[in-house]
Amino acid sequence: MAKRIEKIVLKNFKGASGLLELEIDKNKPITLIFGENGTGKSTILDAIEFVCNERYGSIEDRSVGRGNKQAEYMSTIGTTKTQLEASVTTSDGTWVGKIGGRNPVTTGPATNRPKVEILRRTRILSIVNAQPNERYTAIKGFIEVPACEANEQTLREAEKQKRKEYEDATKALQQAQSTLKTFWEREGKPESSSISWAKKVVSVDMTELETVLKDLESISTSLTTCATASNGLSRSQTEYHTAKIEYDKMVTNYETAKAKYKEDVDALIEVLTQAQDFLQKNVGTTTCPVCEQTIVPDTLAARIRERLAAMNEQVSARQRMQGAKQTLGTKSTVVGSKQKDFRNAVISLKAIVQPSTLPLITDLKLDYSIFKKLTDSKMDVDAESFDQANTLYSAINAISSKLAAEKQSLSDTKGKQKALQNHLDTIGNNTKTASDLEILVKILAQILIVVDQQRKKFVDELLQSIAGEVECLYTAVHPSEGIGKIRWYLNPQFQGSLEFDGQFQGVANVPPPAYYSESHLDTLGVCVFLALSKHNKDDNTVVLLDDVVTSVDQVHMERFFKMLNDEAENFNQLIIGTHYRPWRDKYRYYSGTGSKVQLIELQHWSLSKGIRHTKTKFSIEELQDVMVAIPFDRQVVASKAGILLEGIMDRLGRQFQCKLPLKNDPDYFLSDYTGGFSSTLKKLLRVERKKSDDSIENIELGKKIEVSTEQTWVRNKVGCHFSVAGMTISDSDVVEFGRRVIDFSSSVVCESCGEYPNYNKSGSYWECRCSSTKLFPLLSPGQTASVTNV
Amino acid sequence: MSKSPDEILSERIITELKSKSLLSDIELEKLAKGYIRGKVSIEDWVMHIESSLKKEGENGKEN
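For the protein sequence lines, the chains are C and X, in the order given. Residues in the first sequence are numbered from 1 upward in steps of one, following the numbering used here. Residues in the second sequence are numbered from 1001 upward in steps of one, following the numbering used here.
So this is what it looks like as structure tokens:
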């Protein structure tokens, strides 16, 4: 058994500045939260949705942004979203809602969290007055089949993907066929078709061709290596010759410089240079190491420097000559190395061409015996081997163009065969692929049709079923008005488009927004919502109605209340927020302590005090309370008793169509009501009440009316006007008047369900919801038909 | 316990696919398991069809 919400706590939640604790009577299926605009009704209902559904509530329908923005506006002004908290309690536990990051997060017991369906005025407009796509969005949550829709989506994607693959395969096939045809036509259309020709071409054995091509490629590669080595050798020889010229020039320059001296300049420079080194290494010596004469070291050193400086030209020329000689030696070594590279490259070439059977090579009729030196690549290069290398290279290189042409021709033949093979493969593969894909796509499309049709059919059936329920509810509110017959259907031409039409003055299939009044559309929206909620309900479903009715007239309002009372039984709990005072008074005056409705009245709101509430009492309870209150307030007792008496008399008067004076002002006084009940009716009026022990209590209501209206002067003198005569009326008379009114009112209202007997189920009498209290007669004398609702 | 809308529709779709012989019984059985959870991927759809076609081909050969 699902548990009802019994407590709501709000902390810094929207208008609930500070802490708000609201106790809900879990024994009553309906809770009516009444308050003027701006007293906090929507805040309380938003908090329930916030905790139970982890949604931001009414702010989601307003243009304040999404996610973080909405989160910012959920907390009371002057506080932050982290200070916000709301909780909902049932006897299964407490669920606490906070804002975690961007979204509401609720913690609490894993199961039995109340499931909330909430209807706001904005949603009514979305249901009945919006465009078909918006209407679909508004009720999508009730009719969607998420698992099936997810599968349908992947099916659509599979069909699309495979269709694309099929088209690609077909395109590749056509391209390959077209290319093959072009080749075939270029060849003069040999064979019966391009395919048979291509097959014949690719069937030719290419082993021999590939062997020849391989030989040609080896020779070509080897020739390239030889050419590279030859070029390198040429470059090194050029560099050697340049170095030789430079060296010769340096030798000449030195000889010229040397000729200026008679002595052997080389030896002299050598001696002086060594003497200079000796003096630097033997500082302070005073004896010449050659002639053993006494010397002055500094003087001798200075003189050696002078003499060497005088021979600077000869010294430099000698140094340049020695440098050029070294360079020449290096270049000579490089030439030797390059000669070896070239010789070895030709040895490799010889190894390839000598055994070759290629006609181009054999036609050269080379005598390989003359290339005896071209065998060992490790041997030093001598003139003979170098000459042999040059001879062989020149002979082969002479036919390099022919070799290249032969190679190109064979490559083309091979390439052509390969290309044809590729096209044949493409045709073969894609013919199979395209054929397989064609079947696959066809089946995918067929399945998609089934899935799509079944979903639409299912949703249509669902909508029809809901429409039937809507019709029942709507007819209860608008009987015999020639409207209703609501029909819902998905527009097959558009995805997510929900159309609806109905009847107006007997004309079928008209769009309700075009013909129905605002109040008719309001009640239609509520009926649609209730039907959808009923369809989707589970044991934990709590329905919230947030100020959904603003413009319903008295007659429709009565029927509407009755319909809601009846429908409340289908849900775990119904919580209504309204600023419509007749709704609150309806329950207040015509219900007793056993009523299924709890009344909560919100007081004036201020930021400092936040949302404040009072549990509103039914009039009978309120009168009982003031009668025993200390100090005793006689004026309040007389006034409240009079109003309660008027309320009951008004209800009875309407129920039995009593004759009251026709007045411009539709308000009637007690005196009007007293005269409206004929003596015949009063004799017939009685209440039959089933007691807890199953015994039946009969109450003659006519007598109760007479007894309670005997003292209406108490209300007039004490409760309404300034009256000296009223001052003479004792407190006990006032109490007696109150007691009689309570007795009369309590006689009419059921002790068990707390409701007034206003259901005509039997066709013989009126009865309350639980049928424990029956009111007789059904019709007053002379009345031809009972009113449909009172 | 009453069936969810997804369960009802899934059953209807499987029944309809069966009546139209668009998939083999074995593949429909496998499909039904994933269908109720909304877990039929693109690859699953293709695999169910290809397996059905393969089975059909094998049966054809046998006959």
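Beta carbons: idealized from backbone N, C-alpha and C, even for Gly.
is_contact[residue i, chain C] using C-beta, thresh 8 Å
i	result
D1025 of chain X	no
E1029 of chain X	no
G996 of chain X	No answer is possible for residue 996 of chain X: the residues shown for chain X start at 1001 and end at 1063.
Inter-residue spacing [alpha-carbon to alpha-carbon] between residue i and residue j
i	j	result
T773 of chain C	N758 of chain C	10 Å
T578 of chain C	L45 of chain C	11 Å
Q417 of chain C	Q175 of chain C	18 Å
R654 of chain C	I648 of chain C	10 Å
R113 of chain C	L544 of chain C	15 Å
E646 of chain C	T709 of chain C	10 Å
F371 of chain C	S220 of chain C	20 Å
V88 of chain C	T79 of chain C	21 Å
V552 of chain C	A147 of chain C	41 Å
T431 of chain C	V204 of chain C	24 Å
G675 of chain C	F50 of chain C	54 Å
S385 of chain C	M250 of chain C	34 Å
F744 of chain C	L462 of chain C	49 Å
T106 of chain C	V96 of chain C	5 Å
D650 of chain C	D460 of chain C	46 Å
Q319 of chain C	T330 of chain C	17 Å
Where residue i meets chain X, residues with beta-carbon distance less than 8 Å
i	result
F458 of chain C	P1005, I1008, L1009 and R1012
P513 of chain C	Those within 8 Å of P513 of chain C in chain X number zero; the least Cβ separation is about 28 Å.
Proximal chain C residues relative to residue i, where beta-carbon distance stays under 8 Å
i	result
K1071 of chain X	Outside the displayed range of chain X (1001 to 1063) lies residue 1071 of chain X, so it cannot be described from this structure.
Where residue i falls: helix, strand or coil (DSSP)
i	result
A86 of chain C	strand
D522 of chain C	helix
P297 of chain C	helix
G57 of chain C	helix
N664 of chain C	coil
L599 of chain C	strand
P793 of chain C	This structure does not reach residue 793 of chain C, given that chain C is present from 1 up to 790, and the question cannot be answered.
D92 of chain C	coil
S745 of chain C	helix
P513 of chain C	helix
S400 of chain C	helix
I729 of chain C	coil
V543 of chain C	strand
N390 of chain C	helix
V381 of chain C	coil
V628 of chain C	helix
A508 of chain C	strand
F737 of chain C	helix
Q408 of chain C	helix
G496 of chain C	coil
I24 of chain C	coil
N758 of chain C	coil
N422 of chain C	helix
Neighbour list for residue i in chain X, Cβ cutoff strictly below 7 Å
i	result
I443 of chain C	L1022 and I1049
P791 of chain C	What is shown of chain C runs 1 to 790, which leaves residue 791 of chain C out entirely.
N151 of chain C	Y1035, G1038 and V1040
P781 of chain C	Here the premise fails: no neighbours, minimum Cβ distance about 51 Å.
Q454 of chain C	L1009, R1012, I1013 and E1016
Proximal residues of chain C, C-beta to C-beta of residue i below 7 Å
i	result
E1058 of chain X	Within chain C, no residue comes near E1058 of chain X; the closest Cβ sits about 16 Å away, beyond 7 Å.
Cutoff 8 Å: residue i Cβ touching any chain X Cβ
i	result
C770 of chain C	no
E157 of chain C	yes
T154 of chain C	yes
K162 of chain C	yes
I439 of chain C	yes
A405 of chain C	no
V204 of chain C	no
A147 of chain C	yes
Cross-chain neighbours of residue i in chain X, by beta carbon under 9 Å
i	result
T111 of chain C	Residues of chain X passing the Cβ test: none, with the nearest at roughly 15 Å.
T362 of chain C	Those do not exist, as T362 of chain C stays about 59 Å from chain X at its closest Cβ, beyond 9 Å.
P492 of chain C	What P492 of chain C touches in chain X: nothing, since even the nearest Cβ is about 17 Å away.
| task | Kindly provide the ranges of any alpha helix (DSSP H) runs that are 4 or more residues long and lie completely inside the segment 236-324 of chain C, ordered along the chain. | result | Those alpha helix (DSSP H) runs which fall completely within the segment 236-324 of chain C and span 4+ residues are 265-281 and 297-310.
| request: Enumerate, from N- to C-terminal direction, the unbroken alpha helix (DSSP H) stretches of 4 or more residues contained entirely within the segment 156-210 of chain C. | output: Every alpha helix (DSSP H) stretch that sits fully inside the segment 156-210 of chain C and reaches 4 residues is listed by chain position as 194-203.
| If you scan the segment 109-160 of chain C from start to end, which runs of the alpha helix (DSSP H) of 4 or more residues do you find wholly inside it? | List check, alpha helix (DSSP H) in window: 121-124 and 132-143.
| task | Jot down the residue ranges of each uninterrupted beta strand (DSSP E) in the segment 636-718 of chain C, minimum 3 residues, whole runs only, in chain order. | result | Within the segment 636-718 of chain C, the complete beta strand (DSSP E) runs of at least 3 residues are 686-690 and 696-700.
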